[in-house]
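Novice: So the sequence shown is numbered by the numbering used here: it starts at 2 and just counts up by one. Before I ask anything, here is the structure I am working with.
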Amino acid sequence: MLERLGLMPPQASTFAPQVDMLYVFLLMVTAFFSVLIAAFVIGFSIKYRRRSDSQRTPHIHGSTALEIAWSIIPLGIAMVMFFWGASMFVSLKRPPDDAMQVNVVGKQWMWKIQHLEGRREINELHVPVGRPVKLTLTSEDVIHSFYVPAFRIKQDAVPGRYTTVWFEATKPGSYHLFCAEYCGTMHSGMIGQIVVMDPADYQAWLTAEAPAPAGVAAGGESLVAAGRALFEKNGCVTCHQPGSVLGPMLAGIVGTSVTLQDGSTVKVDEDYLRESILTPQAKVVKGFAPVMPTFKGQLNEEQILQLIAYIKSLGATPSASGAADAQGKTGP
Ligand code: CUA
Numbered sequence: 002m003l004e005r006l007g008l009m010p011p012q013a014s015t016f017a018p019q020v021d022m023l024y025v026f027l028l029m030v031t032a033f034f035s036v037l038i039a040a041f042v043i044g045f046s047i048k049y050r051r052r053s054d055s056q057r058t059p060h061i062h063g064s065t066a067l068e069i070a071w072s073i074i075p076l077g078i079a080m081v082m083f084f085w086g087a088s089m090f091v092s093l094k095r096p097p098d099d100a101m102q103v104n105v106v107g108k109q110w111m112w113k114i115q116h117l118e119g120r121r122e123i124n125e126l127h128v129p130v131g132r133p134v135k136l137t138l139t140s141e142d143v144i145h146s147f148y149v150p151a152f153r154i155k156q157d158a159v160p161g162r163y164t165t166v167w168f169e170a171t172k173p174g175s176y177h178l179f180c181a182e183y184c185g186t187m188h189s190g191m192i193g194q195i196v197v198m199d200p201a202d203y204q205a206w207l208t209a210e211a212p213a214p215a216g217v218a219a220g221g222e223s224l225v226a227a228g229r230a231l232f233e234k235n236g237c238v239t240c241h242q243p244g245s246v247l248g249p250m251l252a253g254i255v256g257t258s259v260t261l262q263d264g265s266t267v268k269v270d271e272d273y274l275r276e277s278i279l280t281p282q283a284k285v286v287k288g289f290a291p292v293m294p295t296f297k298g299q300l301n302e303e304q305i306l307q308l309i310a311y312i313k314s315l316g317a318t319p320s321a322s323g324a325a326d327a328q329g330k331t332g333p
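Laid out in structure tokens, this is it:
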């Protein structure tokens, strides 16, 4: 009903009804106590008003039962809110393993989006209905925030690190995308749309030969293939190949833990790969000399994401190309 009155955005993701239910609960609790307390304030001010100048206020010594009651009841209500909200937060932060991966780079003042299969778009994100989609976000400059009211999701895109958010769209259609973090003069113009399509239409869209959006190199090449080209062009392959003593082998490394020179361990995830590309000396794997040059300023965020997609695609097998081709089609 609120949706039809224009008071609430449409519910178009699996999260939307859940978030709204919690929201309505908070609203009801707040309204209930506001009305109750206001009624008591007004009622008591009439009932206990001063009736004559000689009237004295009696001494009140308090009531333990009352004190306990008005501590326990709000505590119980607050705990319901906490566990309800926390369980939703946890599920929002944990994308399902089979989620489709999409990379999003915020930039003053646009959203640049790369699909794993190679299609790129600006200020538009096409997704299939009924499939979990995991977004990996970062920014080229300042903090932006990826906000889709119809999905009830909002996640900051922060320069220098990766953040993730996921959703599963439930209704085909076109929905607003906003930047929800003030990011400069054209912040209000940093808008776009999410296009939710039937899975078959999405597949057709994905493989269609599309003209590249203005300002973007023609797409078409999968992220893994683009990453492999960068891997070769930037000479990464020289040191990161079987038998090399200069750099660690990258096949199958993602998701494992590596031991560093000081004996500590670090989990190899997207953030560690990114750091190692831009600040190679920060966490050098034990047994290797800190000889890797930095690629800061030579690669943009989208290219770093392509490299990471390629490194993730490298299975434990030394035949990198076979694994890469398989991954490129099925996702991470
Ligand atoms: Cu980007 Cu506001």
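Quick reminder that beta carbons are idealized off the backbone N, C-alpha and C, glycines included. Bear in mind that the values here come from a model prediction, so they are computed numbers and not experimental data.
Is Trp110 near the ligand CUA, judged by its Cβ being under 7 Å from some heavy atom?
Specialist: Look at Trp110: its beta carbon is less than 7 Å from one of the heavy atoms in the ligand CUA.
Novice: Counting only C-beta atoms, is Ala227 closer than 8 Å to chain C at any point?
Specialist: In the structure shown, chain C does not exist; there is a single protein chain.
Novice: Pull up the distance between the alpha-carbon of Gly119 and that of Lys313, whole angstroms please.
Specialist: Each residue's alpha carbon lies about 16 Å from the other.
Novice: Please report the residue range of the beta strand (DSSP E) in which Trp85 lies.
Specialist: Not the beta strand (DSSP E): Trp85 falls in the alpha helix (DSSP H), residues 65 to 94.
Novice: Counting Cβ pairs closer than 8 Å, one from the stretch 89 to 109 and one from the stretch 128 to 142, do we hit at least three?
Specialist: yes
Novice: Under a three-way DSSP split, which group does Ala13 fall into?
Specialist: coil
Novice: Based on the DSSP output, what are the partners of Arg52 in its beta bridges?
Specialist: In the DSSP assignment, Arg52 is bridged to no other residue.
Novice: Less than 7 Å between the CB of Gly107 and some heavy atom of the ligand CUA, yes or no?
Specialist: yes
Novice: Would you please state the rounded distance, in angstroms, between the beta carbons of Asp21 and Val130? I believe it to be under 8 Å.
Specialist: Contact doesn't hold; Cβ gap of about 19 Å is too wide.
Novice: Consider the C-beta atom of Tyr148 and the heavy atoms of the ligand CUA; say whether any pair is separated by less than 7 Å.
Specialist: Not so, every heavy atom of the ligand CUA lies at least 7 Å from the Cβ.
Novice: Report yes or no: do the stretch 163 to 171 and the stretch 235 to 249 share at least 3 C-beta pairs separated by less than 8 Å?
Specialist: no
Novice: State yes or no: is the C-beta of His116 within less than 8 Å of the C-beta of Met191?
Specialist: no
Novice: Drop a sphere of 10 angstroms on the beta-carbon of Trp71, count the other beta-carbons inside from all chains shown, and report buried for 16 or more, exposed for fewer.
Specialist: exposed
Novice: Around the C-beta of Phe45, are 16 or more other C-beta atoms found within 10 angstroms, so that it is buried, or is it exposed?
Specialist: exposed
Novice: In chain order, what residues of the same chain have a beta carbon less than 6 Å from the beta carbon of Glu1, not counting five sequence neighbours either side?
Specialist: Because the chain here runs from 2 to 333, residue 1 falls outside it and cannot be looked at.
Novice: Would you give the residue range spanned by the alpha helix (DSSP H) that Arg229 belongs to?
Specialist: Run containing Arg229: 224 to 234, per the alpha helix (DSSP H) assignment.
Novice: Along the chain, where does the alpha helix (DSSP H) containing Ser314 start, and where does it finish?
Specialist: First-last of the alpha helix (DSSP H) with Ser314: 302 to 314.
Novice: I'd like to know whether the C-beta atoms of Tyr176 and Val197 end up nearer to each other than 8 Å.
Specialist: yes
Novice: Grouping DSSP H, G and I as helix and E and B as strand, with all else coil, what is Leu261?
Specialist: Strand, per DSSP.
Novice: Can you look up Gln299 in the DSSP assignment and give me helix, strand or coil?
Specialist: Assignment of Gln299 by DSSP, reduced to helix, strand and coil, places it in the coil class.
Novice: Taking 7 Å as the cut-off, does the CB of Glu271 come closer than this to any heavy atom belonging to the ligand CUA?
Specialist: no
Novice: Going by alpha carbons, who is nearest to Thr15 out of Asp157, Pro243, Met89, Thr266?
Specialist: The residue with the shortest Cα to Cα distance from Thr15 is Met89.
Novice: Mind checking which residues open and close the beta strand (DSSP E) that includes Arg121?
Specialist: 121 to 123
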